[in-house]
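Everything below concerns the one structure shown next.
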Amino acid sequence: MEDAGNIKESLKRIDDNIWEIPIGSKPGMNVPGRIYLSDKLIHDLEPEALDQVANVAMLPGIQKYSMAMPDAHLGYGFPIGGVAAFDEEEGVISPGGVGFDINCGVRLIRSNLTVEDVRPVMKELTDKLFQAVPAGVGSKSRIRASESELDDIFLHGSRWAVENGYGVEADLEHCEGGGCIKGGDTRHISAKARKRGRPQAGTLGSGNHFLEAQYIDKIYDQEVADNFGLEEGQVTFMIHCGSRGTGHQICTDHLRTISQAAKKYKIALPDKQLACAPAQSDEAQNYFRSMICAANYAWNNRQIITHWTREIISEVFRSDIDELGLDLVYDVAHNVAKLEEHNVDGKKKNVYVHRKGATRAFPPGHKDVPQAYRDVGQPVLIPGSMGTASFVLHGAEASMDISFGSACHGAGRVMSRAHAKKEFYGEDIKSELEKSGIIVRAAHPSMIAEEAPSVYKSSSDVVNVVHDLGIARKVARMMPLGVVKG
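Throughout, this note's numbering is defined as the position within the sequence shown, counted from one, plus 6.
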């Protein structure tokens with residue numbers, strides 16, 4: 007990335023929160039790069055991440071722009087926070103544009119509980135959630151899926167969980183795509199990926215994954231909040247996790263094949279981590295259909311965790327789930343590629359939209375927004391870092407023109423995990439958070455150090471950019487009460 011510094015120098019300001027890397031800033035760019043950042047956030051962005059945006063702009067068949075959301079930072083091939091759409095016929099599919107943790111997503115559960123109800127039992131509730139939901143590296147579930155059950159999960163996602171007693175039909179209705187992408191094919195999933203997946207359905211994992219009890223401390227749009235069933239003082243529960251070992255293995259396996267395919271099809275790559283194959287090639291489609299299976303596994307994973315979370319809340323408050331109002335507000339996917347119809351240069355076109363560390367933000371009236379939310383737009387869930395605010399937004403019309411219907415997915419790191427472990431002690435961070443009234447439980451103190459609040463950008467700063475751009479508008483802000491980490 008020897009040109010990274012030069013790329014930053016070539017940045018051209020288009021609007022208050024829009025910066026462009028012009029074509030020609032780096033030889034081989036097919037489209038400009040677009041970076042959605044405020045003045046404050048642009049200074050935190052690594053030059054190497056900008057270089058990655060320019061590199062993605064060189065891939066065949068890319069449409070309009072290579073984009074980076076306001077939480078962008080250096081990733082594998084694509085920046086995390088990267089969005090790119092590729093023509094269905096002339097473009098490519100790239101595992102680097104999805105990432106290793108396929109469908110690392112977020113869901114939000116509302117409740118009829120208030121912060122006053124929960125604070126007195128927060129320690130008990132956090133302890134029991136930590137005991138009920140397996141967390142940490144290599145954590146294993148109470149469920150051991152058989153080979154046929156694993157196939158069913160790969161192909162049907164959350165529906166497997168609901169049909170096996172881990173949820174209700176309404177959960178599927180309030181989930182992106184009904185908790186499933188159609189078109190999965192298990193034939194190109196390795197034995198190793200299957201072995202890793204069988205014991206992990208219903209596990210949180212490690213890294214930035216979490217299960218968090220929160221309360222709403224501010225409503226920005228009462229009408230939309232009413233539609234989502236949210237109100238000030240209400241307690242919510244947020245789940246953030248992905249496809250665990252099976253998704254990582256599926257990505258790893260297909261990267262090898264796709265890397266060879268890039269050579270076979272003579273695709274000039276500015277970075278080997280951008281390995282890709284023509285969208286309609288066998289190699290690309292075998293990856294894409296396997297990626298769908300991993301995405302479906304992730305939705306099923308979050309659904310099972312939702313069920314166990316509801317059970318614990320019901321136990322602690324000695325009330326049934328319906329009385330507690332533990333309804334799923336929505337579930338959004340990050341780290342996924344989807345074939346979608348978008349307007350490109352005045353024409354409708356099918357494109358493979360890669361969202362890596364980015365989420366859908368579809369506007370009111372869009373056919374893929376659940377009927378219950380179609381008048382106001384899709385819920386957009388933006389988790390904060392540990393100990394900081396999370397946000398609910400709703401998709402807005404400008405997203406379709408600006409970012410192929412995409413928004414940021416979180417706060418975005420400013421410090422590596424290795425650096426964080428040298429800089430912070432997990433027990434110190436835990437103590438500081440508990441002094442501020444936030445209970446933390448983790449499989450290991452190092453996980454807390456890695457996720458210390460100061461290793462991330464401000465979630466408020468990130469959210470304000472997409473709000474001001476009209477990609478997604480703020481609805482509610484949640485503050486943490488108790489956090490379960492991997």
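Think of the CB as a built atom: it goes at the ideal place given N, C-alpha and C, for glycine as much as any other residue. Note that this is a predicted model, so its numbers are computed, not measured.
Between the alpha carbons of residue i and residue j, how many angstroms are there, rounded?
| i | j | result |
| --- | --- | --- |
| Ala404 | Asp333 | 29 Å |
| Pro370 | Glu429 | 44 Å |
| His473 | Tyr71 | 20 Å |
| Gln309 | Gly208 | 8 Å |
| Pro276 | Lys146 | 39 Å |
| Met297 | Ile256 | 7 Å |
| Lys491 | Arg250 | 14 Å |
| Lys18 | Pro451 | 43 Å |
| Val398 | Ala478 | 9 Å |
| Leu56 | Ser320 | 47 Å |
| Asn356 | Ala90 | 13 Å |
| Asp107 | Leu217 | 17 Å |
| Glu96 | Lys129 | 55 Å |
| Ile68 | Tyr293 | 19 Å |
| Ser396 | Lys427 | 24 Å |
| Gln266 | Gly105 | 18 Å |
| Glu94 | Gln286 | 8 Å |
| Ser464 | Ser154 | 44 Å |
| Gln279 | Ala141 | 30 Å |
| Pro389 | Gln137 | 23 Å |
| Glu54 | Ala74 | 13 Å |
| Gly248 | Lys224 | 28 Å |
| Ile222 | Val37 | 41 Å |
| His384 | Thr365 | Looking at the sequence shown, residue 384 is not His but Gln. Taking the straight line joining both Cα atoms gives about 11 Å. |
| Ala443 | Asn118 | Sequence check: residue 443 is Gly here, not Ala. Each residue's alpha carbon lies about 21 Å from the other. |
| Glu347 | Phe368 | 12 Å |
| Met7 | Gly103 | Residue confidence for Met7 is low, a pLDDT of 47 falling below 50, so the modelled location carries little weight and cannot support an answer. |
| Pro284 | Cys299 | 20 Å |
| Gly203 | Ala301 | 12 Å |
| Gly527 | Ile27 | Beyond the ends of the chain as shown, which are 7 and 492, falls residue 527; an answer cannot be given. |
| Val471 | Pro76 | 7 Å |
| Val139 | Gly34 | 48 Å |
| Ala448 | Gly432 | 9 Å |
| Ile24 | Leu43 | 6 Å |
| Val124 | Ser325 | 13 Å |
| Arg483 | Glu237 | 10 Å |
Relative to the C-alpha of residue i, which candidate in the options has its C-alpha closest?
| i | options | result |
| --- | --- | --- |
| Asp288 | His194, Asp381 and Trp25 | His194 |
| Asp21 | Gly476, Ser466, Ser464 and Val461 | Gly476 |
| Gly88 | Gly208, Glu94 and Val62 | Val62 |
| Gly239 | Gly492, Leu487 and Lys491 | Leu487 |
| Val359 | Ser154, Phe216 and Phe84 | Phe84 |
| Arg150 | Lys201, Pro459 and Ser466 | Lys201 |
| Leu156 | Tyr303, Lys198 and His372 | Tyr303 |
| Phe323 | Met453, Val127, Cys110 and Glu54 | Val127 |
| Leu439 | Ala449, His425 and Ile454 | Ile454 |
| His49 | Cys247, Pro385, Asn118 and Glu15 | Glu15 |
| Val143 | Gly401, Arg366, Ser212 and Asp351 | Ser212 |
| Phe410 | Arg40, Ile86, Thr394 and Thr258 | Arg40 |
| Glu317 | Gly171, Gly30 and Pro28 | Gly171 |
| Ala424 | His372, Val481 and Glu457 | Glu457 |
| Ala378 | Leu80, Ala176, Val461 and Arg116 | Ala176 |
| Gln220 | Ile115, Asp351, Lys353 and Gly34 | Ile115 |
| Glu179 | Ala413, Asp374, Tyr462 and Val386 | Asp374 |
| His254 | Pro101, Ile264, Ser412 and Thr242 | Pro101 |
Compute the beta-carbon to beta-carbon distance between residue i and residue j, rounded to the nearest angstrom, for a pair I have assumed lies under 8 Å.
| i | j | result |
| --- | --- | --- |
| His340 | Ala167 | The Cβ separation is near 20 Å, so there is no contact. |
| Cys181 | His162 | At roughly 13 Å, the Cβ-Cβ gap does not stay under 8 Å, so Cys181 and His162 are not in contact. |
| Val469 | Asn233 | Incorrect: roughly 19 Å between the Cβ atoms, too far for contact. |
| Ile2 | Thr132 | An answer regarding residue 2 cannot be provided, because it is not within the stretch 7 to 492 covered by the chain. |
| Ile99 | Ala343 | 6 Å |
| Val241 | Met392 | Rounded, the Cβ-Cβ distance is 18 Å, inconsistent with contact. |
With which residues is residue i paired in a DSSP beta bridge?
| i | result |
| --- | --- |
| Ala1 | The first residue shown for the chain is 7 and the last is 492, placing residue 1 beyond what the model contains. |
| Ala343 | His360 |
| Glu26 | Lys18 and Arg40 |
| Lys463 | Its beta-bridge partners do not exist; DSSP assigns none. |
| Ile68 | Phe92 |
| Leu475 | Partner(s): none; Leu475 has no beta bridge. |
| Ala283 | Ile99 |
| Met73 | Arg40 and Val89 |
| Lys353 | Val350 |
With a cut-off of 8 Å, does the C-beta of residue i fall near any C-beta of chain C?
| i | result |
| --- | --- |
| Ser409 | The structure shown contains no chain C; it holds only a single protein chain. |
Comparing the CB of residue i with every heavy atom of the ligand NAD, is any distance shorter than 7 Å?
| i | result |
| --- | --- |
| Ala482 | Inclusion of the ligand NAD in the displayed structure is not the case, the ligand content being empty and no account of it being possible. |
- What are the complete alpha helix (DSSP H) segments, minimum 4 residues, inside the region 226-254? Inside the region 226-254, DSSP marks whole alpha helix (DSSP H) runs of 4 or more residues at positions 228-234, from first to last along the chain.
- Item | Within the region 360-438, ranges of the beta strand (DSSP E) (whole runs, at least 3 residues) | Whole beta strand (DSSP E) segments, 3+ residues: 364-366, 385-388, 396-401 and 412-414.
- Message: Ignoring anything shorter than 3 residues, give me the beta strand (DSSP E) runs that lie fully in the region 133-221, in order along the chain.
- Response: Correct list: empty.
- Write down every uninterrupted run of the alpha helix (DSSP H) in the region 105-129 whose length is 4 residues or greater and which is fully enclosed by it, in chain order. Correct list: 121-124.
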